[in-house]
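Going line by line, the protein sequences match chains A and B.
Residues in the first sequence are numbered from 1 upward in steps of one, following this note's numbering.
Residues in the second sequence are numbered from 214 upward in steps of one, following this note's numbering.
Note that beta-carbon positions come from the ideal geometry of N, C-alpha and C, so glycine has one too.
Everything on this sheet refers to the single structure shown next.
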Amino acid sequence: MLERHSIVAEQFEDAEQQSAAAHLGMWTFIATEVLFFGGLFLAYTVYRHFYFDAFAAGSKHTDAVYGTINSVILLTSSFTMALAVQFAKIGRAKLIVRFLLLTVFLGAMFLAVKGFEYHEDIVKHLVPGPNFDPSLPLQSQIFFWFYWIMTGLHAVHILIGLGVLSAMAFLARREKFSAQYHSPVEITGLYWHFVDIVWLFLYPLLYLVQRHA
Amino acid sequence: MNDPEQNYLSAGWTVRSWLLTTDHKRIGILYLLSILVFFAIAAAAAAMMRLELLTPQGDLVLSETYNKLFTMHGVLMVWFFLIPSIPTVLGNFIIPLMIGARDVAFPKLNLLSWYLFIIGGCFALHAIVLGGVDTGWTFYTPYSTAYSNSHVLEMAAGIFIAGFGSILTGLNFIITIQKMRAPGLTWFRLPLFIWSMYSTSIILVLATPVLAITLLLMSIERIWGVGIFNPKLGGDPILFQHLFWFYSHPAVYIMILPGLGVVSEIIPCFSRKKIFGYKFVAFSSVAIAVLGFLVWGHHMFVSSQSIYAGMAFSILSFLVAIPSAIKVFNWTATLYRGSISFNAPMLYALSFIGLFVIGGLTGLFLATLAVDVHLHGTYFVVAHFHYIMVGGMVTAFMGGLHFWWPKITGRLYPEKLAQLAAIILFIGFNLTFFPQFILGYLGMPRRVHEYAPEFQLYNVLSTAGASILAIGYLLPLIYFLWSLFYGKKSSANPWRATGLEWKTSSPPPKHNFAETPVVTEDAYEYPPLNEIGEHPDA
Chain A
1 MLERHSIVAE
11 QFEDAEQQSA
21 AAHLGMWTFI
31 ATEVLFFGGL
41 FLAYTVYRHF
51 YFDAFAAGSK
61 HTDAVYGTIN
71 SVILLTSSFT
81 MALAVQFAKI
91 GRAKLIVRFL
101 LLTVFLGAMF
111 LAVKGFEYHE
121 DIVKHLVPGP
131 NFDPSLPLQS
141 QIFFWFYWIM
151 TGLHAVHILI
161 GLGVLSAMAF
171 LARREKFSAQ
181 YHSPVEITGL
191 YWHFVDIVWL
201 FLYPLLYLVQ
211 RHA
Chain B
214 MNDPEQNYLS
224 AGWTVRSWLL
234 TTDHKRIGIL
244 YLLSILVFFA
254 IAAAAAAMMR
264 LELLTPQGDL
274 VLSETYNKLF
284 TMHGVLMVWF
294 FLIPSIPTVL
304 GNFIIPLMIG
314 ARDVAFPKLN
324 LLSWYLFIIG
334 GCFALHAIVL
344 GGVDTGWTFY
354 TPYSTAYSNS
364 HVLEMAAGIF
374 IAGFGSILTG
384 LNFIITIQKM
394 RAPGLTWFRL
404 PLFIWSMYST
414 SIILVLATPV
424 LAITLLLMSI
434 ERIWGVGIFN
444 PKLGGDPILF
454 QHLFWFYSHP
464 AVYIMILPGL
474 GVVSEIIPCF
484 SRKKIFGYKF
494 VAFSSVAIAV
504 LGFLVWGHHM
514 FVSSQSIYAG
524 MAFSILSFLV
534 AIPSAIKVFN
544 WTATLYRGSI
554 SFNAPMLYAL
564 SFIGLFVIGG
574 LTGLFLATLA
584 VDVHLHGTYF
594 VVAHFHYIMV
604 GGMVTAFMGG
614 LHFWWPKITG
624 RLYPEKLAQL
634 AAIILFIGFN
644 LTFFPQFILG
654 YLGMPRRVHE
664 YAPEFQLYNV
674 LSTAGASILA
684 IGYLLPLIYF
694 LWSLFYGKKS
704 SANPWRATGL
714 EWKTSSPPPK
724 HNFAETPVVT
734 EDAYEYPPLN
744 EIGEHPDA
């Protein structure tokens with residue numbers, strides 16, 4: 001009972017209430033994030049409707065190989081994250097640390113691949129502005145504007161995720177989590193899956209517009 | 214814990230004990246002090262504008278300075294006073310007390326909200342000190358992205374950062390209300406202030422991120438000179454307006470719903486009656502929050518929006534009148550045959566009802582497509598939203614502050630003086646803004662510092678009203694400060710009100726309640742009429 005008491009913050013009655021509050025808090029935060037990205041997705045949809053050909057032309061200039069590799073990496077990282085949460089539920093500290101660190105590694109891989117891709121995009125004059133590839137239609141600049149901002153904001157979210165995941169791994173290593181108390185790991189998982197899901201929308205919208213034609 | 218000397222104020226006297234506090238009550242006080250600073254600066258800008266408008270010629274400030282004045286007034290009042298006002302001050306202080314909790318769900322996050330607010334506020338003030346912004350509070354593109362030579366980026370950054378503070382406050386309130394209610398406090402036993410704060414929080418959480426992304430896109434476009442609102446590339450400036458108002462119309466309801474909640478607390482207490490139609494009042498808050506997301510297009514009736522979209526937005530805007538009217542009718546029915554006493558909070562609540570009705574009905578004029586073509590961009594619009602935001606929200610904030618002042622400070626304010634201030638505020642407000650309806654109808658455009666000489670009479674009346682309004686604001690400031698030192702000590706429940714916040718001492722102890730209270734009855738269970746039709750405790 002004494003140990004149980006120490007993990008419940010003073011404003012809560014018991015551990016269940018605390019855990020329920022943490023979960024609902026993260027879901028509410030995710031709702032905020034959906035609306036944050038939602039503004040971008042709306043604007044993307046409007047311009048894709050206005051200038052479909054320019055968007056298709058722009059999309060063909062993205063590197064689908066990098067995009068596909070990154071999709072696989074990120075999906076795998078969601079799998080390792082889910083495993084970390086499962087091990088948290090049964091209180092296996094060492095396995096939590098291992099799978100959290102694996103998730104961090106995959107997230108960092110994603111950013112590294114993205115970095116190589118950004119470098120090639122810059123070399124290929126795919127940054128909107130005066131140096132933009134003149135062979136592309138004018139409105140392809142709008143496409144690439146979305147490409148940079150959407151993937152950039154997503155990368156910022158990955159970066160934040162890596163920080164939180166590392167902190168969780170550190171806490172797990174110091175045996176802060178148990179079968180009774182593990183909601184921080186769980187809600188970190190919710191966040192990570194959310195960031196993953198955003199990518200699942202970005203991938204087809206940016207890399208696969210009329211790829212076959 | 215029941216020792217009256219031990220309360221949240223005496224828990225620590227150091228600056229550190231305030232700046233690192235996680236006590237929702239202290240955070241409420243921090244917010245109160247900081248929003249008052251922003252209010253004072255924004256009010257000074259308004260005073261400059263009213264002085265300029267005394268004469269038809271532009272003789273006090275340049276048109277450029279005038280643009281900066283109304284931008285500063287709008288930005289500070291909207292984001293740094295009105296939006297945080299009732300939620301972060303009274304909401305922070307009262308919500309956990311009302312639901313019988315020891316604190317909000319995430320106290321550290323609550324403190325982070327305040328710091329984000331302060332950092333955002335510093336950016337905004339720095340932008341003003343550097344020379345200000347001249348885009349208006351709406352930051353319309355392409356002026357804000359391509360042409361304005363003022364400190365748009367820094368101001369946008371300030372609003373962006375403060376916005377995240379708002380989001381976290383909303384999140385905190387939602388979780389607190391969902392998960393931290395005392396045993397027996399079911400949804401339909403909650404005080405109506407909680408219902409309105411819950412609805413407000415939903416808007417804060419769902420609308421503010423859209424403003425964040427919109428300001429981010431605008432800023433990126435301004436920095437790199439290319440972007441999606443730029444017609445050079447085939448971009449559409451109107452899209453900015455859609456995104457902006459998708460946030461900013463719901464934000465209007467952030468700026469009134471908490472006021473509706475405060476009035477729903479005051480009226481039953483000073484009528485000694487249960488509120489009429491509890492569920493209707495409760496759900497009308499939710500309805501306003503939901504409808505608020507569907508009416509943004511009424512700001513763009515004359516901005517090349519399709520006429521069919523205009524019709525849809527017009528009808529949806531009319532619909533907002535229904536839940537608003539439900540509230541007004543229910544308050545009136547609550548007053549009916551009540552034992553009314555005209556204490557200062559009640560005077561504020563009553564003037565709220567009057568001003569909110571005028572503000573709401575003139576909103577219907579503006580929601581009417583053809584009428585809006587005539588009134589768009591005139592002083593009629595200015596008068597309309599000031600009736601809602603100042604006449605409504607600020608009046609409710611004053612009412613709430615008086616109502617809960619004994620709880621917050623443990624001292625009573627001087628009643629006679631407070632009643633006088635409430636009346637001065639009502640007169641000053643109407644004298645300031647009613648002439649603006651006439652000016653707008655006659656065609657005086659907003660946001661200009663010169664005007665045709667035939668408008669002068671109404672402008673002089675308006676400026677005279679503003680000076681009375683200023684007295685109405687200064688007076689409470691003085692007697693509130695006075696009461697801190699010399700006011701009579703308050704009992705736990707000076708108004709003999711229902712509600713858990715009155716069951717603990719004034720000011721409350723650090724953890725609010727010695728024991729978690731158990732709720733066994735509905736809200737506003739004021740004693741029923743006795744056989745001869747009198748209220749037994751009146």
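query, result
"Reduced DSSP secondary structure (H/G/I, E/B, other) of Thr188(A)", "helix"
"Cβ shell of Ser276(B) (< 6 angstroms), same chain only, five flanking positions each side left out", "His662"
"Closer than 7 angstroms at the beta carbon, the chain A residues around Ile380(B)", "Thr32"
"Length of the line joining the Cα atoms of Phe406(B) and Leu473(B)", "8 angstroms"
"Host alpha helix (DSSP H) of Val113(A) (start-end)", "Ala93 to Val123"
"CA-to-CA distance, Glu714(B) to Gly345(B), given in whole angstroms", "42 angstroms"
"Alpha-carbon to alpha-carbon, Tyr147(A) and His61(A)", "11 angstroms"
"Unbroken alpha helix (DSSP H) run spanning Phe406(B), endpoints", "Leu405 to Trp437"
"Residues of its chain near Leu159(A), where Cβ-Cβ distance is below 6 angstroms and the 5 sequence neighbours each way are ignored", "none"
"Cα-Cα separation, Ser530(B) to Ile416(B)", "17 angstroms"
"Reduced DSSP secondary structure (H/G/I, E/B, other) of Arg402(B)", "helix"
"Burial state of Asp14(A), where buried means 16 or more other Cβ atoms lie within 10 Å", "exposed"
"Same chain, Cβ closer than 7 angstroms to Trp292(B), neighbours up to 5 away in sequence not counted", "Ile372 and Ala375"
"Sufficient close CB pairs (3 or more, under 8 angstroms) joining the stretch 682 to 693 of chain B to the stretch 631 to 645 of chain B", "yes"
"Within chain A, partners of Val206(B) - CB distance below 8 angstroms", "Only positions 214 to 751 of chain B appear in this structure, which leaves residue 206(B) out of reach."
"Interface flag, Trp27(A) vs chain B, CB-CB below 7 angstroms", "no"
"Cβ-Cβ distance between Ala546(B) and Val476(B) below 7 angstroms", "no"
"Identity of the residues DSSP links to Thr45(A) by a beta bridge", "According to DSSP, Thr45(A) bridges with nothing at all."
"Candidates Leu289(B), Ile469(B) and Asp735(B): closest to Gly334(B) by CA position", "Leu289(B)"
"Three-state secondary structure assigned by DSSP to Arg624(B)", "strand"
"CB contact check: Tyr505(B) to chain A, cutoff 7 angstroms", "Residue identity differs from the one stated: residue 505(B) is Gly in this sequence, not Tyr. No, Gly505(B) does not count as interfacial toward chain A."
"Residues near Ala751(B) by beta carbon distance below 6 angstroms, same chain, minus five either side", "With a pLDDT of only 47 at Ala751(B), under the threshold of 50, the placement of this residue in the model should not be trusted; the figure read from the coordinates follows. So the list reads Arg485 and Ser552, once near-sequence residues are dropped."
"Close-in-space but distant-in-sequence residues of the same chain around Val209(A) (CB under 6 angstroms, 5 per side omitted)", "Phe55, Ala56 and Ser59"
"Within 7 angstroms, strictly: CB atoms of Phe457(B) and Pro450(B)", "no"
"CA nearest to the CA of Arg709(B), picked from Ser696(B), Glu667(B), Pro730(B) and Phe616(B)", "Phe616(B)"
"Assigned secondary structure, Thr62(A) (DSSP; H/G/I helix, E/B strand, else coil)", "coil"
"Below-7 angstroms beta-carbon distance, Ile142(A) vs any chain C residue", "Annotation note: the requested chain C is absent from the structure, which comprises protein chains A and B."
"N- and C-terminal bounds of the alpha helix (DSSP H) containing Ala546(B)", "Ile520 to Leu548"
"N- and C-terminal bounds of the alpha helix (DSSP H) containing Ile601(B)", "Taken as a continuous stretch (DSSP letters only), Ile601(B) belongs to no alpha helix (DSSP H), as it is neither H nor E."
"C-beta neighbour in chain A for Val418(B), strict 7 angstroms", "yes"
"Sequence-distant residues of the same chain with beta carbon closer than 7 angstroms to Tyr592(B), five excluded per side", "Gln649, Leu652, Gly653, Met657 and Arg659"
"Chain-order list of residues whose beta-carbon lies under 6 angstroms from that of Ser527(B) (same chain, five-residue window excluded)", "Ala580 and Leu582"
"Paired residues, beta bridge with Thr591(B) - DSSP", "Pro658(B)"
"Cβ-Cβ distance between Asn558(B) and Ser719(B) below 7 angstroms", "According to the sequence provided, residue 558(B) is Pro. The question's Asn does not apply to it. Result no, Cβ atoms of Pro558(B) and Ser719(B) do not sit closer than 7 angstroms."
"Segment limits, alpha helix (DSSP H) that includes Thr284(B)", "Ser276 to Met290"
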